[in-house]
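Letter 205 of the sequence shown, counting from 1, is numbered 196 in this note's numbering, and no numbers are missing.
See structure below.
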Amino acid sequence: MVESSFFLNRILTNDFFSGEQIATYAIFIFGILLVFLVYSIVFSVYFKRKNYYLYNFYLLSVIYFILTTAEVAKNFYIYKSELFYTVNFILSHILLFISISLFLNNSLKLRKNMPKVSKFIFYFMAYPCFLVLLSIFNLQLANILVVYLFRVFPLVFFIITLISFKYENIFAKDYLKILLLLLLSYFIYSINLTYDLQVKNIYKFVLYTSFVFEVIYYSFALANKIRKYSEDIKLLERKAVLQDIKFHDLLDVTFDCFWETDKSGNLVYISKKIYEKLGKNNENFKFLKLEQLFSSNAPNELKIHLRAVMNKRKSFKNIDLVSENKEGQFIWFKINAIEKIDNNGYFQGYIGALIDETVDKYKQEEKFLESNIQSLARMAGSVAHEINNPLAYIFLGIDSIINNNEIEKLSNKEKVIHTLVEMKKKGLKISQIVAKLKGLSLQSNDLIKADCKLSNVLNTALKFCENELNTTKIKVEMTIPESEELVTIKKEEITKAVVNLIHNAIEATENITDPCIKITIYAEGNSDIILSIMDNGTPIPIDKRVSIFEPFYTTKDFKNLGLGLTQSYQFVRRNGGNLYLDPSSSNTNFLMKFKRKDN
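In structure tokens form, the structure reads like this:
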């Protein structure tokens, strides 16, 4: 009991540590902190992150604080000046407070987790700045007021800890550990300063020891962050490898055109090949956004869809884009892209490619149309038979009534006969429709394939349309090669198909000032002969082109049945040919393709 009383008495009378002992201890602590400072500087140079720069500032301020309070440099002449010592005393305390405030505010992300507390700490730093100014005019008062710096900070962290535990913040345990360290050092130290501005050696010992614990704790905390940061880098590197694999997969798909955007969707690069495909000079014209590649006639839904997909900031594939070159020919693209990610995992834009699928697009449409027409052809045979039988009885009944002598006795004879004649006309109209439907299903076995020139078929078709062409004053331009190859076809069916196409061209140029139909026969490759019928009338919209060969589709309201193109398509297919709308032309240009005779 006596020994305990003596030990406590020595502490209270500041007799437990001598000045030389505390100075020696301070140098020992200084060495430890210097080692941590060297490691911290190395980390800050390597990682170049804000946390490490602030930690270096904190370590330097702690070392400066220890050198000042422990009076290690008291043998130097300049330290013997009372004024110089007092100024250093104030500055060391102020810098320590500012450095720990900045470091903890940034490390614990108080600005994000507790914005109000972060703002308080930020604004409270005006207090030490005020003390610096005050020391110029009243050094003694500034020396007294510096005490409250070391009381406010533990109080702030006490509030932070309570709030974090209340709302189950993930940093709650970290806040508690820091609070205990601050209570052990700053708060106890402030009590000493309150009653005696000459710091007792026992408080210096406690404070220096707590600094070591603080530095060790913060160093381990930063080491964990370094470890996590390294793991994040490795994860990003793995993602980069996967992204590189994706990009190479993209390269394997196409070599048409590559492009790159920034995070706002602006094009930072697009290959010259796209300018070549579209017939544009990249020196005089620059694409700023991917949307600018769309043709003015392209469906607006495609643009909206592309915009929506890009706004998701995720990789995407097979997005449709319809462009147009300077000759007015349409080019169908598929867009593929992968997102660019920076080292912090943030979206930075897209890298992608444009795949020219004009030919594939046509093939898909052709298969779809052929399937529809085959289905209709199977149905047409049975439907035509079911309609023709009752229609024959209707015609027979109408003729019987008209030729009946009893009709002469009727007072409204003329009206009745007129009505019957009109009924017969409508019946004949139905009969014509049925005939066209039967034309889709019948194989025309009575017709024989023969070798002939497409120019002969064309001349026959023009004779059928001669009256309409003369009436509408449509100019017909024909280009036929001198040495034309033969094709093997049923001439009658192909003639009907050509007549249907010419009728369509005549109707399309009704409202044109100088209507013109261009008909060309030419060879494609070594095996095909092409008959092209193009008009300068109103072109068929892109989004409607897929439907033109569908049965009963028409752009003329109820003027036509919508079976002409369907029938023409079926006739050409029966003869081993192909009929399609040129996807690369902005005008309506129907192409009829057949194999040469010797193929």
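Ideal placement from N, C-alpha and C gives every residue a C-beta, glycine not left out.
Contact belief for residue i with residue j at Cβ below 8 Å, rounded distance in angstroms
| i | j | result |
| --- | --- | --- |
| LEU140 | ALA133 | Not confirmed; about 11 Å, so no contact. |
| SER523 | ILE510 | 7 Å |
| LEU28 | LEU50 | 4 Å |
| ILE512 | ILE471 | 5 Å |
| ALA488 | SER576 | Not a contact, Cβ separation roughly 19 Å. |
| LYS305 | GLU282 | With 8 Å as the limit, LYS305 and GLU282 do not qualify as a contact, their Cβ atoms being about 18 Å apart. |
| GLY567 | PHE585 | 7 Å |
| ILE480 | LYS440 | 6 Å |
| ILE408 | ILE393 | 6 Å |
| LEU449 | ASN495 | Not confirmed; about 15 Å, so no contact. |
| PHE48 | SER90 | 5 Å |
| ILE465 | LEU345 | About 39 Å; that fails the 8 Å criterion. |
Rounded C-alpha distance that separates residue i from residue j
| i | j | result |
| --- | --- | --- |
| TRP250 | LEU24 | 53 Å |
| GLU483 | ASN403 | 46 Å |
| LEU86 | SER52 | 6 Å |
| PHE56 | GLY336 | 40 Å |
| LEU312 | HIS296 | 10 Å |
| ASP505 | ILE389 | 47 Å |
| ASP442 | LEU492 | 22 Å |
| GLY256 | ILE520 | 46 Å |
| ASN517 | ARG587 | 8 Å |
| PHE94 | ILE332 | 29 Å |
| ASN578 | ILE322 | 14 Å |
| ASP351 | SER98 | 57 Å |
| VAL563 | SER446 | 16 Å |
| TYR571 | LEU258 | 36 Å |
| PRO574 | ASP347 | 12 Å |
| THR500 | LYS268 | 30 Å |
| PHE88 | TYR46 | 13 Å |
| PRO145 | GLY22 | 27 Å |
| GLU473 | LYS325 | 41 Å |
| PRO290 | LYS454 | 39 Å |
| THR451 | LYS271 | 42 Å |
| ARG229 | CYS248 | 27 Å |
| VAL123 | LYS103 | 30 Å |
| TYR544 | LYS308 | Low local confidence applies: a pLDDT of 48 at TYR544 is under 50, so the model's placement there is unreliable, with the coordinate-based value given in what follows. Near 32 Å, if we compare the C-alpha coordinates of LYS308 and TYR544. |
| GLY418 | ILE508 | 34 Å |
| ASN275 | ALA299 | 30 Å |
| ASP652 | LYS303 | The displayed coordinates of the chain run from -8 to 590. Any statement about residue 652 would go beyond what the structure contains. |
| PHE530 | MET583 | Here the sequence assigns Pro to residue 530, which means Phe is not the residue at that position. Spanning the two alpha carbons is a distance of roughly 18 Å. |
| MET525 | ASN380 | 40 Å |
| PHE115 | VAL137 | 13 Å |
| ASN527 | ALA514 | 23 Å |
| GLN423 | LYS263 | 55 Å |
| LEU477 | LEU411 | 50 Å |
| LYS420 | ALA383 | 13 Å |
Run of the beta strand (DSSP E) containing residue i, from where it starts to where it stops
| i | result |
| --- | --- |
| SER314 | 307 to 315 |
| ALA452 | Element bounds for ALA452: not the beta strand (DSSP E) but the alpha helix (DSSP H), 445 to 455. |
Boundaries (first-last residue) of the alpha helix (DSSP H) holding residue i
| i | result |
| --- | --- |
| MET116 | It is not in any alpha helix (DSSP H) - MET116 carries neither H nor E in the DSSP assignment. |
| ASN302 | 291 to 302 |
| LYS103 | 101 to 104 |
Bridge-paired residues (DSSP) for residue i
| i | result |
| --- | --- |
| ARG587 | VAL478 |
| ALA328 | PHE307 and GLY343 |
| GLU251 | TYR260 and ILE342 |
| MET469 | ILE510 |
| SER591 | The requested residue 591 does not occur in the structure, where the chain is confined to residues -8 to 590. |
| LEU572 | PHE581 |
| PHE321 | GLU315 |
| ALA441 | ILE480 |
| LYS280 | ASN257 |
Contact the stretch 268 to 288 vs the stretch 300 to 316: 3+ CB pairs below 8 Å: yes
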